[in-house]
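Residue numbers (our numbering): 9 to 471. Note that beta-carbon positions come from the ideal geometry of N, C-alpha and C, so glycine has one too. To start, the structure under review is shown below, and the notes come after it.
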(Lines of atoms letter the chains of each structure in order from A; the text may use other names.)
(Lines give C-alpha, C1' and ligand atoms only; values in the text may rest on other atoms or scores of the structure.)
Protein backbone atom coordinates (compact mmCIF):
# COMPACT_ATOMS: atom_id res chain seq x y z
CA UNK A 9 0.00 0.00 0.00
CA UNK A 10 2.85 2.38 0.80
CA UNK A 11 4.39 1.77 -2.64
CA UNK A 12 1.03 2.39 -4.39
CA UNK A 13 0.56 5.68 -2.50
CA UNK A 14 4.04 6.92 -3.43
CA UNK A 15 3.41 5.97 -7.04
CA UNK A 16 0.14 7.97 -7.16
CA UNK A 17 1.82 11.03 -5.60
CA UNK A 18 4.67 10.93 -8.10
CA UNK A 19 2.21 10.54 -10.96
CA UNK A 20 0.20 13.61 -9.87
CA UNK A 21 3.41 15.66 -9.54
CA UNK A 22 4.49 14.70 -13.03
CA UNK A 23 1.06 15.61 -14.49
CA UNK A 24 0.98 19.03 -12.79
CA UNK A 25 4.54 19.75 -13.89
CA UNK A 26 3.71 18.79 -17.49
CA UNK A 27 0.56 20.96 -17.44
CA UNK A 28 2.57 23.90 -16.09
CA UNK A 29 5.15 23.57 -18.86
CA UNK A 30 2.43 23.41 -21.54
CA UNK A 31 0.68 26.51 -20.19
CA UNK A 32 3.97 28.36 -20.07
CA UNK A 33 4.71 27.52 -23.69
CA UNK A 34 1.19 28.54 -24.78
CA UNK A 35 1.57 31.85 -22.95
CA UNK A 36 4.90 32.56 -24.60
CA UNK A 37 3.50 31.77 -28.06
CA UNK A 38 0.47 34.05 -27.53
CA UNK A 39 2.67 36.85 -26.21
CA UNK A 40 4.99 36.61 -29.23
CA UNK A 41 2.04 36.72 -31.60
CA UNK A 42 0.64 39.80 -29.90
CA UNK A 43 3.97 41.59 -29.98
CA UNK A 44 4.44 40.69 -33.66
CA UNK A 45 1.00 41.94 -34.68
CA UNK A 46 1.33 45.05 -32.43
CA UNK A 47 -2.06 44.48 -30.81
CA UNK A 48 -2.58 46.72 -27.79
CA UNK A 49 -4.33 44.09 -25.70
CA UNK A 50 -3.24 42.51 -22.44
CA UNK A 51 -1.76 39.06 -22.74
CA UNK A 52 -4.03 36.32 -21.29
CA UNK A 53 -0.93 34.58 -19.97
CA UNK A 54 0.83 37.61 -18.52
CA UNK A 55 1.34 35.75 -15.28
CA UNK A 56 3.71 33.38 -17.08
CA UNK A 57 5.74 36.22 -18.78
CA UNK A 58 8.77 37.59 -16.97
CA UNK A 59 8.70 41.25 -15.98
CA UNK A 60 11.67 42.07 -18.28
CA UNK A 61 9.81 40.69 -21.30
CA UNK A 62 6.72 42.78 -20.45
CA UNK A 63 8.86 45.90 -20.26
CA UNK A 64 10.46 45.24 -23.64
CA UNK A 65 6.99 44.68 -25.13
CA UNK A 66 5.80 48.06 -23.81
CA UNK A 67 8.90 49.78 -25.19
CA UNK A 68 8.27 48.31 -28.63
CA UNK A 69 4.68 49.57 -28.56
CA UNK A 70 5.80 53.05 -27.58
CA UNK A 71 8.39 53.27 -30.40
CA UNK A 72 6.41 52.03 -33.38
CA UNK A 73 7.53 53.41 -36.80
CA UNK A 74 5.38 56.32 -37.95
CA UNK A 75 4.55 57.43 -41.49
CA UNK A 76 7.51 58.16 -43.72
CA UNK A 77 6.01 61.54 -44.63
CA UNK A 78 6.71 63.90 -41.75
CA UNK A 79 3.43 65.81 -41.61
CA UNK A 80 1.99 66.88 -38.28
CA UNK A 81 -1.46 68.32 -37.69
CA UNK A 82 -1.48 71.75 -36.09
CA UNK A 83 -2.44 71.80 -32.46
CA UNK A 84 -5.78 73.30 -31.45
CA UNK A 85 -5.66 72.73 -27.72
CA UNK A 86 -5.45 76.32 -26.55
CA UNK A 87 -6.30 79.80 -27.70
CA UNK A 88 -2.64 80.80 -28.10
CA UNK A 89 -2.03 77.79 -30.33
CA UNK A 90 -5.03 78.80 -32.45
CA UNK A 91 -3.65 82.30 -32.95
CA UNK A 92 -0.24 80.87 -33.85
CA UNK A 93 -1.78 78.43 -36.32
CA UNK A 94 -3.73 81.22 -38.01
CA UNK A 95 -0.57 83.29 -38.31
CA UNK A 96 1.36 80.37 -39.80
CA UNK A 97 -1.46 79.66 -42.26
CA UNK A 98 -1.55 83.30 -43.34
CA UNK A 99 2.21 83.34 -43.90
CA UNK A 100 1.98 80.15 -45.96
CA UNK A 101 -0.71 81.68 -48.16
CA UNK A 102 1.23 84.92 -48.60
CA UNK A 103 4.35 83.02 -49.61
CA UNK A 104 2.34 80.94 -52.08
CA UNK A 105 0.80 84.08 -53.58
CA UNK A 106 4.22 85.71 -54.05
CA UNK A 107 5.67 82.62 -55.72
CA UNK A 108 2.74 82.24 -58.13
CA UNK A 109 2.91 85.93 -59.04
CA UNK A 110 6.62 85.56 -59.74
CA UNK A 111 5.91 82.52 -61.93
CA UNK A 112 3.25 84.49 -63.84
CA UNK A 113 5.83 87.19 -64.55
CA UNK A 114 8.38 84.62 -65.68
CA UNK A 115 5.87 82.81 -67.90
CA UNK A 116 3.25 85.41 -68.92
CA UNK A 117 -0.10 83.85 -69.81
CA UNK A 118 -0.84 85.80 -73.00
CA UNK A 119 0.50 88.62 -75.16
CA UNK A 120 -1.30 91.89 -75.76
CA UNK A 121 -3.06 92.94 -78.94
CA UNK A 122 -5.50 91.34 -81.35
CA UNK A 123 -3.22 89.32 -83.65
CA UNK A 124 0.15 89.28 -81.84
CA UNK A 125 3.06 87.00 -82.52
CA UNK A 126 3.26 84.64 -79.50
CA UNK A 127 6.96 85.21 -78.87
CA UNK A 128 6.39 84.73 -75.14
CA UNK A 129 6.30 80.95 -75.73
CA UNK A 130 9.92 80.10 -76.48
CA UNK A 131 9.17 76.47 -77.38
CA UNK A 132 6.48 77.32 -79.97
CA UNK A 133 7.71 76.83 -83.58
CA UNK A 134 7.39 80.30 -85.10
CA UNK A 135 7.32 78.83 -88.64
CA UNK A 136 3.75 77.55 -88.13
CA UNK A 137 2.29 80.65 -86.43
CA UNK A 138 0.13 82.74 -88.74
CA UNK A 139 -0.01 86.52 -88.46
CA UNK A 140 -3.81 86.47 -88.52
CA UNK A 141 -6.18 84.17 -86.71
CA UNK A 142 -4.30 81.19 -85.34
CA UNK A 143 -5.00 78.10 -83.28
CA UNK A 144 -1.80 78.73 -81.32
CA UNK A 145 -3.53 81.14 -78.92
CA UNK A 146 -6.72 81.13 -76.88
CA UNK A 147 -9.37 83.24 -78.56
CA UNK A 148 -11.34 86.11 -77.06
CA UNK A 149 -14.57 87.90 -78.01
CA UNK A 150 -12.64 90.37 -80.15
CA UNK A 151 -10.88 87.54 -81.95
CA UNK A 152 -14.13 85.80 -82.75
CA UNK A 153 -15.71 89.04 -83.89
CA UNK A 154 -13.07 89.67 -86.55
CA UNK A 155 -12.86 86.01 -87.53
CA UNK A 156 -16.63 85.89 -88.17
CA UNK A 157 -16.78 88.78 -90.64
CA UNK A 158 -19.04 88.51 -93.70
CA UNK A 159 -17.62 86.44 -96.58
CA UNK A 160 -16.55 89.35 -98.79
CA UNK A 161 -14.59 90.97 -95.96
CA UNK A 162 -13.12 87.68 -94.84
CA UNK A 163 -12.01 86.70 -98.35
CA UNK A 164 -10.44 90.10 -99.00
CA UNK A 165 -8.57 89.99 -95.69
CA UNK A 166 -7.25 86.49 -96.35
CA UNK A 167 -6.14 87.41 -99.88
CA UNK A 168 -4.49 90.59 -98.62
CA UNK A 169 -2.52 88.59 -96.02
CA UNK A 170 -1.68 85.75 -98.38
CA UNK A 171 2.01 86.67 -98.41
CA UNK A 172 2.07 86.20 -94.60
CA UNK A 173 0.69 82.65 -94.76
CA UNK A 174 2.99 80.13 -93.11
CA UNK A 175 1.49 77.28 -95.15
CA UNK A 176 2.24 79.13 -98.39
CA UNK A 177 5.83 79.66 -97.32
CA UNK A 178 6.33 75.99 -96.56
CA UNK A 179 4.79 74.67 -99.82
CA UNK A 180 6.35 77.31 -102.08
CA UNK A 181 9.51 75.28 -102.85
CA UNK A 182 7.40 72.29 -103.92
CA UNK A 183 5.16 74.48 -106.06
CA UNK A 184 8.23 76.06 -107.66
CA UNK A 185 9.63 72.63 -108.55
CA UNK A 186 6.30 71.56 -110.06
CA UNK A 187 6.16 74.76 -112.09
CA UNK A 188 9.71 74.22 -113.38
CA UNK A 189 8.85 70.65 -114.32
CA UNK A 190 5.79 71.79 -116.27
CA UNK A 191 7.79 74.45 -118.09
CA UNK A 192 10.39 71.86 -119.06
CA UNK A 193 7.82 69.39 -120.40
CA UNK A 194 5.83 71.99 -122.28
CA UNK A 195 9.01 73.34 -123.88
CA UNK A 196 10.01 69.86 -124.99
CA UNK A 197 6.51 69.33 -126.38
CA UNK A 198 6.89 72.41 -128.55
CA UNK A 199 10.30 71.34 -129.82
CA UNK A 200 9.39 67.67 -130.43
CA UNK A 201 5.72 68.21 -131.04
CA UNK A 202 4.80 65.09 -132.96
CA UNK A 203 6.62 62.42 -130.96
CA UNK A 204 5.69 63.65 -127.54
CA UNK A 205 2.14 64.37 -128.56
CA UNK A 206 1.52 60.88 -129.84
CA UNK A 207 3.17 59.31 -126.80
CA UNK A 208 1.31 61.22 -124.11
CA UNK A 209 -2.05 60.79 -125.81
CA UNK A 210 -1.73 57.04 -125.43
CA UNK A 211 -1.06 56.71 -121.70
CA UNK A 212 -0.87 59.98 -119.73
CA UNK A 213 -4.52 61.03 -119.54
CA UNK A 214 -5.95 57.67 -118.33
CA UNK A 215 -3.20 57.30 -115.77
CA UNK A 216 -3.70 60.82 -114.46
CA UNK A 217 -7.46 60.32 -114.16
CA UNK A 218 -6.92 57.05 -112.35
CA UNK A 219 -4.65 58.69 -109.74
CA UNK A 220 -6.91 61.66 -109.00
CA UNK A 221 -9.61 59.80 -107.06
CA UNK A 222 -7.25 57.81 -104.75
CA UNK A 223 -5.24 60.98 -104.09
CA UNK A 224 -8.34 62.89 -103.00
CA UNK A 225 -9.38 59.99 -100.76
CA UNK A 226 -5.93 59.74 -99.16
CA UNK A 227 -5.83 63.49 -98.48
CA UNK A 228 -9.30 63.41 -96.91
CA UNK A 229 -8.49 60.50 -94.62
CA UNK A 230 -5.20 62.10 -93.62
CA UNK A 231 -6.86 65.42 -92.77
CA UNK A 232 -9.61 63.73 -90.75
CA UNK A 233 -7.14 61.65 -88.73
CA UNK A 234 -4.97 64.69 -87.99
CA UNK A 235 -7.98 66.76 -86.94
CA UNK A 236 -9.17 63.98 -84.63
CA UNK A 237 -5.76 63.93 -82.93
CA UNK A 238 -5.82 67.70 -82.51
CA UNK A 239 -9.29 67.67 -80.95
CA UNK A 240 -8.38 64.83 -78.60
CA UNK A 241 -5.25 66.64 -77.43
CA UNK A 242 -7.20 69.85 -76.85
CA UNK A 243 -9.87 67.99 -74.88
CA UNK A 244 -7.20 66.34 -72.74
CA UNK A 245 -5.68 69.70 -71.85
CA UNK A 246 -9.11 71.13 -71.13
CA UNK A 247 -9.82 68.27 -68.74
CA UNK A 248 -6.41 68.81 -67.13
CA UNK A 249 -7.19 72.48 -66.45
CA UNK A 250 -10.61 71.54 -65.08
CA UNK A 251 -9.16 68.77 -62.89
CA UNK A 252 -6.50 71.11 -61.51
CA UNK A 253 -9.15 73.66 -60.67
CA UNK A 254 -11.39 71.13 -58.92
CA UNK A 255 -8.57 69.51 -56.94
CA UNK A 256 -7.37 72.91 -55.75
CA UNK A 257 -10.85 73.66 -54.40
CA UNK A 258 -10.94 70.30 -52.60
CA UNK A 259 -7.54 70.96 -51.05
CA UNK A 260 -8.65 74.35 -49.77
CA UNK A 261 -11.95 73.09 -48.35
CA UNK A 262 -10.95 69.75 -46.83
CA UNK A 263 -7.15 69.43 -46.57
CA UNK A 264 -6.15 72.95 -45.54
CA UNK A 265 -8.10 72.92 -42.23
CA UNK A 266 -6.52 69.57 -41.38
CA UNK A 267 -2.98 70.35 -42.44
CA UNK A 268 -2.07 73.73 -43.99
CA UNK A 269 1.50 72.74 -44.93
CA UNK A 270 0.40 69.70 -46.88
CA UNK A 271 -2.37 71.57 -48.69
CA UNK A 272 -0.09 74.44 -49.73
CA UNK A 273 2.60 72.03 -50.92
CA UNK A 274 0.03 70.13 -52.99
CA UNK A 275 -1.13 73.37 -54.64
CA UNK A 276 2.47 74.18 -55.49
CA UNK A 277 2.77 70.85 -57.26
CA UNK A 278 -0.53 71.47 -59.06
CA UNK A 279 0.77 74.80 -60.34
CA UNK A 280 3.79 72.98 -61.79
CA UNK A 281 1.85 70.19 -63.52
CA UNK A 282 0.92 72.14 -66.66
CA UNK A 283 4.40 73.59 -67.11
CA UNK A 284 6.16 70.25 -66.68
CA UNK A 285 3.78 68.53 -69.10
CA UNK A 286 4.31 71.32 -71.65
CA UNK A 287 8.09 70.95 -71.29
CA UNK A 288 7.80 67.18 -71.79
CA UNK A 289 5.64 67.45 -74.93
CA UNK A 290 7.56 70.34 -76.49
CA UNK A 291 11.03 68.98 -75.69
CA UNK A 292 12.14 71.99 -73.64
CA UNK A 293 15.63 71.94 -72.20
CA UNK A 294 16.46 71.01 -68.63
CA UNK A 295 17.29 74.57 -67.65
CA UNK A 296 13.81 75.78 -68.55
CA UNK A 297 12.19 73.13 -66.34
CA UNK A 298 14.57 73.81 -63.47
CA UNK A 299 13.85 77.52 -63.67
CA UNK A 300 10.12 77.01 -63.17
CA UNK A 301 10.48 74.31 -60.51
CA UNK A 302 13.08 76.30 -58.59
CA UNK A 303 10.78 79.30 -58.46
CA UNK A 304 7.94 77.26 -56.95
CA UNK A 305 9.81 74.66 -54.87
CA UNK A 306 13.38 75.94 -54.62
CA UNK A 307 13.03 78.11 -51.53
CA UNK A 308 14.51 77.02 -48.22
CA UNK A 309 11.16 75.63 -47.10
CA UNK A 310 10.80 73.23 -50.05
CA UNK A 311 14.36 72.76 -51.20
CA UNK A 312 14.23 69.02 -50.55
CA UNK A 313 11.06 68.76 -52.62
CA UNK A 314 12.75 70.53 -55.54
CA UNK A 315 15.73 68.19 -55.65
CA UNK A 316 13.48 65.16 -55.31
CA UNK A 317 11.31 66.26 -58.24
CA UNK A 318 14.26 67.11 -60.47
CA UNK A 319 15.70 63.64 -59.87
CA UNK A 320 12.61 61.83 -61.16
CA UNK A 321 12.67 60.36 -64.69
CA UNK A 322 8.95 61.05 -65.26
CA UNK A 323 8.20 64.23 -63.40
CA UNK A 324 4.52 64.52 -64.25
CA UNK A 325 3.82 61.02 -62.92
CA UNK A 326 5.99 61.63 -59.84
CA UNK A 327 4.14 64.90 -59.24
CA UNK A 328 0.69 63.30 -59.04
CA UNK A 329 2.07 60.49 -56.88
CA UNK A 330 3.55 63.04 -54.49
CA UNK A 331 0.22 64.86 -54.19
CA UNK A 332 -1.46 61.52 -53.44
CA UNK A 333 1.06 60.76 -50.69
CA UNK A 334 0.76 64.25 -49.15
CA UNK A 335 -3.03 64.10 -49.02
CA UNK A 336 -3.03 60.58 -47.57
CA UNK A 337 -0.55 61.56 -44.86
CA UNK A 338 -2.45 64.77 -44.07
CA UNK A 339 -5.77 62.95 -43.72
CA UNK A 340 -4.28 60.21 -41.56
CA UNK A 341 -2.54 62.71 -39.27
CA UNK A 342 -5.84 63.87 -37.78
CA UNK A 343 -9.39 64.93 -38.39
CA UNK A 344 -10.71 68.37 -39.18
CA UNK A 345 -11.78 70.04 -35.93
CA UNK A 346 -14.57 71.84 -37.79
CA UNK A 347 -16.14 68.53 -38.78
CA UNK A 348 -17.66 66.33 -36.04
CA UNK A 349 -17.39 63.13 -38.03
CA UNK A 350 -14.12 61.32 -38.33
CA UNK A 351 -13.22 58.29 -40.38
CA UNK A 352 -16.20 58.41 -42.76
CA UNK A 353 -15.42 62.00 -43.78
CA UNK A 354 -11.75 61.14 -44.25
CA UNK A 355 -12.67 58.23 -46.53
CA UNK A 356 -14.99 60.41 -48.61
CA UNK A 357 -12.38 63.16 -48.95
CA UNK A 358 -9.72 60.61 -49.83
CA UNK A 359 -12.01 59.19 -52.51
CA UNK A 360 -12.60 62.64 -54.01
CA UNK A 361 -8.87 63.35 -54.11
CA UNK A 362 -8.17 59.98 -55.75
CA UNK A 363 -10.80 60.59 -58.43
CA UNK A 364 -9.34 63.98 -59.34
CA UNK A 365 -5.79 62.63 -59.38
CA UNK A 366 -6.91 59.79 -61.62
CA UNK A 367 -8.40 62.31 -64.05
CA UNK A 368 -5.14 64.22 -64.14
CA UNK A 369 -3.17 61.02 -64.74
CA UNK A 370 -5.54 60.05 -67.57
CA UNK A 371 -4.97 63.43 -69.24
CA UNK A 372 -1.20 63.03 -68.93
CA UNK A 373 -1.47 59.50 -70.37
CA UNK A 374 -3.53 60.70 -73.36
CA UNK A 375 -0.95 63.38 -74.16
CA UNK A 376 1.90 60.88 -73.92
CA UNK A 377 0.06 58.45 -76.20
CA UNK A 378 -0.66 61.10 -78.84
CA UNK A 379 2.92 62.31 -78.78
CA UNK A 380 4.45 58.84 -78.96
CA UNK A 381 2.09 57.32 -81.55
CA UNK A 382 1.66 59.30 -84.79
CA UNK A 383 -0.40 58.42 -87.81
CA UNK A 384 1.33 55.34 -89.29
CA UNK A 385 4.31 56.55 -91.32
CA UNK A 386 3.47 54.01 -94.03
CA UNK A 387 0.33 56.01 -94.78
CA UNK A 388 2.31 59.24 -95.04
CA UNK A 389 4.94 57.66 -97.30
CA UNK A 390 2.31 56.20 -99.62
CA UNK A 391 0.52 59.55 -99.82
CA UNK A 392 3.78 61.32 -100.66
CA UNK A 393 4.54 58.89 -103.48
CA UNK A 394 1.06 59.14 -104.97
CA UNK A 395 1.25 62.93 -104.74
CA UNK A 396 4.60 62.95 -106.50
CA UNK A 397 3.30 60.78 -109.37
CA UNK A 398 0.24 63.00 -109.71
CA UNK A 399 2.32 66.20 -109.91
CA UNK A 400 4.72 64.63 -112.41
CA UNK A 401 1.89 63.48 -114.69
CA UNK A 402 -0.19 66.67 -114.43
CA UNK A 403 1.77 68.69 -117.04
CA UNK A 404 1.79 65.72 -119.40
CA UNK A 405 -1.99 65.40 -119.08
CA UNK A 406 -2.48 69.11 -119.67
CA UNK A 407 -0.35 69.01 -122.81
CA UNK A 408 -2.23 65.94 -124.04
CA UNK A 409 -5.59 67.62 -123.42
CA UNK A 410 -4.71 70.53 -125.71
CA UNK A 411 -3.08 73.19 -123.54
CA UNK A 412 -0.38 74.33 -125.91
CA UNK A 413 1.13 77.39 -124.24
CA UNK A 414 3.95 77.09 -121.74
CA UNK A 415 2.41 79.73 -119.46
CA UNK A 416 -0.94 77.93 -119.35
CA UNK A 417 0.63 74.60 -118.38
CA UNK A 418 2.85 76.24 -115.78
CA UNK A 419 -0.02 78.21 -114.18
CA UNK A 420 -2.39 75.23 -114.05
CA UNK A 421 0.30 72.98 -112.58
CA UNK A 422 1.30 75.57 -109.98
CA UNK A 423 -2.28 76.16 -108.80
CA UNK A 424 -3.05 72.45 -108.57
CA UNK A 425 0.20 71.75 -106.75
CA UNK A 426 -0.49 74.57 -104.28
CA UNK A 427 -3.95 73.22 -103.48
CA UNK A 428 -3.05 69.56 -103.04
CA UNK A 429 0.37 70.01 -101.45
CA UNK A 430 -1.14 72.63 -99.13
CA UNK A 431 -3.77 70.14 -97.95
CA UNK A 432 -1.07 67.56 -97.33
CA UNK A 433 1.02 70.08 -95.40
CA UNK A 434 -1.93 71.17 -93.22
CA UNK A 435 -2.57 67.55 -92.28
CA UNK A 436 1.11 67.04 -91.48
CA UNK A 437 1.21 70.26 -89.45
CA UNK A 438 -1.70 69.47 -87.16
CA UNK A 439 -0.72 65.80 -86.77
CA UNK A 440 1.64 66.84 -83.99
CA UNK A 441 -1.09 68.68 -82.10
CA UNK A 442 1.16 69.99 -79.36
CA UNK A 443 3.04 72.22 -81.81
CA UNK A 444 -0.05 74.25 -82.71
CA UNK A 445 -1.89 74.25 -79.39
CA UNK A 446 -1.72 77.29 -77.06
CA UNK A 447 0.09 75.34 -74.37
CA UNK A 448 1.66 78.42 -72.81
CA UNK A 449 -1.77 79.87 -72.10
CA UNK A 450 -3.22 76.52 -71.04
CA UNK A 451 -0.43 75.88 -68.53
CA UNK A 452 -0.78 79.44 -67.24
CA UNK A 453 -4.55 78.95 -66.95
CA UNK A 454 -4.09 75.78 -64.89
CA UNK A 455 -1.63 77.58 -62.61
CA UNK A 456 -3.86 80.66 -62.24
CA UNK A 457 -7.04 78.69 -61.54
CA UNK A 458 -5.31 76.52 -58.94
CA UNK A 459 -3.85 79.56 -57.18
CA UNK A 460 -6.96 81.74 -57.35
CA UNK A 461 -9.30 79.09 -55.99
CA UNK A 462 -6.93 78.17 -53.18
CA UNK A 463 -6.05 81.74 -52.17
CA UNK A 464 -9.52 83.23 -52.41
CA UNK A 465 -11.36 83.78 -49.12
CA UNK A 466 -15.06 83.01 -49.25
CA UNK A 467 -17.52 84.90 -47.05
CA UNK A 468 -18.80 82.99 -44.02
CA UNK A 469 -22.13 81.23 -44.28
CA UNK A 470 -24.78 82.96 -42.21
CA UNK A 471 -27.04 80.79 -40.14
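Inter-residue spacing [alpha-carbon to alpha-carbon] between residue i and residue j
i: residue 407; j: residue 390; result: 27 Å
i: residue 6; j: residue 398; result: It is not possible to answer for residue 6, since the shown part of the chain is limited to 9 through 471.
i: residue 437; j: residue 136; result: 8 Å
i: residue 165; j: residue 299; result: 41 Å
i: residue 99; j: residue 261; result: 18 Å
i: residue 190; j: residue 160; result: 33 Å
i: residue 144; j: residue 435; result: 16 Å
i: residue 274; j: residue 448; result: 22 Å
i: residue 418; j: residue 302; result: 58 Å
i: residue 420; j: residue 163; result: 22 Å
i: residue 131; j: residue 185; result: 31 Å
i: residue 428; j: residue 444; result: 21 Å
i: residue 196; j: residue 236; result: 45 Å
i: residue 203; j: residue 416; result: Caution applies to residue 203, whose pLDDT of 47 falls short of 50 and renders its modelled position unreliable; the model cannot decide the point.
i: residue 374; j: residue 446; result: 17 Å
i: residue 97; j: residue 268; result: 6 Å
i: residue 158; j: residue 167; result: 14 Å
i: residue 474; j: residue 256; result: No statement about residue 474 is possible, as the shown extent of the chain runs from 9 to 471 and does not include it.
Option in the options with minimal Cα separation from residue i
i: residue 116; options: 462, 468 and 453; result: 453
i: residue 336; options: 239, 356 and 412; result: 356
i: residue 178; options: 334, 441 and 433; result: 433
i: residue 270; options: 295, 334, 235 and 225; result: 334
i: residue 431; options: 253, 395, 268 and 386; result: 395
i: residue 114; options: 327, 104, 103 and 129; result: 129
i: residue 473; options: 461, 388, 426 and 244; result: In the structure as shown, the chain starts at 9 and stops at 471, and residue 473 therefore has no counterpart that could be examined.
i: residue 293; options: 220, 353, 318 and 306; result: 318
i: residue 362; options: 339, 175 and 230; result: 339
Status (buried if at least 16 other CB within 10 Å, exposed otherwise) for residue i
i: residue 467; result: exposed
i: residue 410; result: exposed
i: residue 199; result: exposed
i: residue 310; result: buried
i: residue 313; result: buried
i: residue 469; result: exposed
i: residue 440; result: buried
i: residue 413; result: exposed
i: residue 50; result: Note that residue 50 has pLDDT 38, beneath the 50 cutoff, so the model's placement of it is unreliable and the number below is only indicative. Exposed: under 16 other Cβ atoms inside 10 Å.
i: residue 286; result: buried
i: residue 155; result: exposed
i: residue 106; result: exposed
CB-CB length for residue i against residue j, believed under 8 Å
i: residue 371; j: residue 251; result: 7 Å
i: residue 297; j: residue 324; result: Actually they are not in contact, since the Cβ atoms of residue 297 and residue 324 sit about 11 Å apart, beyond 8 Å.
i: residue 360; j: residue 258; result: 6 Å
i: residue 101; j: residue 463; result: 6 Å
i: residue 332; j: residue 365; result: 6 Å
i: residue 104; j: residue 248; result: 21 Å between Cβ atoms; not a contact.
Worksheet item: Would you say the region 395 to 402 touches the region 373 to 384, given that touching needs at least three Cβ pairs under 8 Å?
Response: no
Discussion item. Is it the case that the region 272 to 286 contacts the region 451 to 465, given that we only count it when at least three CB pairs across the two stretches are under 8 Å?
Written reply: yes
Item to complete: Decide if the region 223 to 240 is in contact with the region 326 to 333; the criterion is three or more beta carbon pairs, one per stretch, under 8 Å apart.
Response: no
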